[in-house]
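Residue numbers (this note's numbering), protein chains in the order written: chain A, 9 to 220; chain B, 311 to 320.
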């Protein structure tokens, strides 16, 4: 554990809490992509199957359980409790365009051709692109609530901090996971446009709106 | 180093 990984995990946790708080306090999931959230639940489910087979640490187990539970909690709030507020007209990204190629790629490029390892690889690839329906939704509506933009900033920062963690681990631990690093870089690059808008608008007290 | 398959990261 190093400082980049820990702050990355905290940013990830903060993002999830921010989203749950936004939905709970406003009693609405308007502006949140249910498709991105479904894919995040799928990401956590397929990645953390090693909870059953492999104990790493109490921290690791606790965080994994929180991530899985919170992702299904978010789905419950979006699709059951506050279903009426779900903005499905703007959530039109086709999930199969991501899930199918990602599933194919995880069969072709992985560390080990075994069920758990393929599912882990699938989750890493899927996570890297799972935010696209959310970003697509914002580009369609042209804006995002400030709390939603804080959520996205925390969520994007998490993988960027993990890149620093991988640099650290490469130099100090001789650890290098090509699949995680490439996917993590793709994931972070997808947020760059959003980061720019967030810093130039939200940090100056304005709402996140897209240039016409 | 060989590719890691005991995934300790989240």
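Quick reminder that beta carbons are idealized off the backbone N, C-alpha and C, glycines included.
Residues sharing a beta bridge with residue i, DSSP
| i | result |
| --- | --- |
| residue 216 (chain A) | A:152 |
Nearest neighbour of residue i, chosen from the options [CA to CA]
| i | options | result |
| --- | --- | --- |
| residue 1 (chain A) | A:78, A:73 and A:61 | Because chain A is modelled from 9 through 220, residue 1 (chain A) falls outside the range shown and cannot be assessed. |
| residue 74 (chain A) | A:119, A:121, A:53 and A:62 | A:53 |
| residue 261 (chain B) | A:105, A:188, A:199 and A:172 | The shown model of chain B, from 311 to 320, leaves out residue 261 (chain B), and the question about it has no answer. |
| residue 111 (chain A) | A:127, A:119 and A:122 | A:127 |
| residue 101 (chain A) | A:90, A:120, A:114 and A:137 | A:137 |
| residue 70 (chain A) | A:18, A:176 and A:168 | A:18 |
| residue 143 (chain A) | A:132, A:131, A:161 and A:133 | A:161 |
| residue 147 (chain A) | A:67, A:39 and A:181 | A:39 |
| residue 205 (chain A) | A:152, A:132, A:103 and A:47 | A:152 |
| residue 20 (chain A) | A:170, A:212, A:191 and A:181 | A:170 |
| residue 106 (chain A) | A:121, A:51 and A:215 | A:51 |
| residue 61 (chain A) | A:123, A:114 and A:9 | A:123 |
| residue 194 (chain A) | A:180, A:177, A:164 and A:178 | A:164 |
| residue 196 (chain A) | A:139, A:63 and A:178 | A:139 |
Buried or exposed by the 16-neighbour rule on C-beta atoms within 10 Å, applied to residue i
| i | result |
| --- | --- |
| residue 220 (chain A) | exposed |
| residue 208 (chain A) | exposed |
| residue 156 (chain A) | buried |
| residue 316 (chain B) | exposed |
| residue 145 (chain A) | buried |
| residue 201 (chain A) | exposed |
| residue 97 (chain A) | exposed |
| residue 68 (chain A) | buried |
| residue 320 (chain B) | buried |
| residue 166 (chain A) | buried |
| residue 217 (chain A) | exposed |
Minimum Cβ-Cβ distance from residue i to chain C less than 8 angstroms
| i | result |
| --- | --- |
| residue 68 (chain A) | Within the model displayed, chain C is absent; protein chains A and B are what it includes. |
Distance between beta carbons of residue j and residue i, contact taken as under 8 angstroms
| i | j | result |
| --- | --- | --- |
| residue 37 (chain A) | residue 93 (chain A) | 5 angstroms |
| residue 154 (chain A) | residue 210 (chain A) | 6 angstroms |
| residue 12 (chain A) | residue 172 (chain A) | 4 angstroms |
| residue 57 (chain A) | residue 159 (chain A) | With a Cβ gap of about 26 angstroms, residue 57 (chain A) and residue 159 (chain A) do not count as contacting. |
| residue 83 (chain A) | residue 46 (chain A) | 7 angstroms |
Contacting residues, own chain, Cβ-Cβ under 8 angstroms from residue i (five flanking each side not counted)
| i | result |
| --- | --- |
| residue 125 (chain A) | 118 and 119 |
| residue 3 (chain A) | There is simply no residue 3 (chain A) to check, as chain A begins at 9 and stops at 220 in what is shown. |
| residue 80 (chain A) | 49 |
| residue 35 (chain A) | 90 and 93 |
| residue 191 (chain A) | 132, 133, 135 and 136 |
| residue 203 (chain A) | 161 and 164 |
Contacts around residue i, its chain only, beta-carbon distance under 7 angstroms, and the 5 residues preceding and following it disregarded
| i | result |
| --- | --- |
| residue 99 (chain A) | 41, 42, 43, 141 and 145 |
| residue 22 (chain A) | 162 |
| residue 15 (chain A) | 169 |
| residue 176 (chain A) | 10 and 12 |
Residues near residue i by beta carbon distance below 6 angstroms, same chain, minus five either side
| i | result |
| --- | --- |
| residue 72 (chain A) | 56 and 59 |
| residue 31 (chain A) | 37 and 85 |
| residue 174 (chain A) | 189 |
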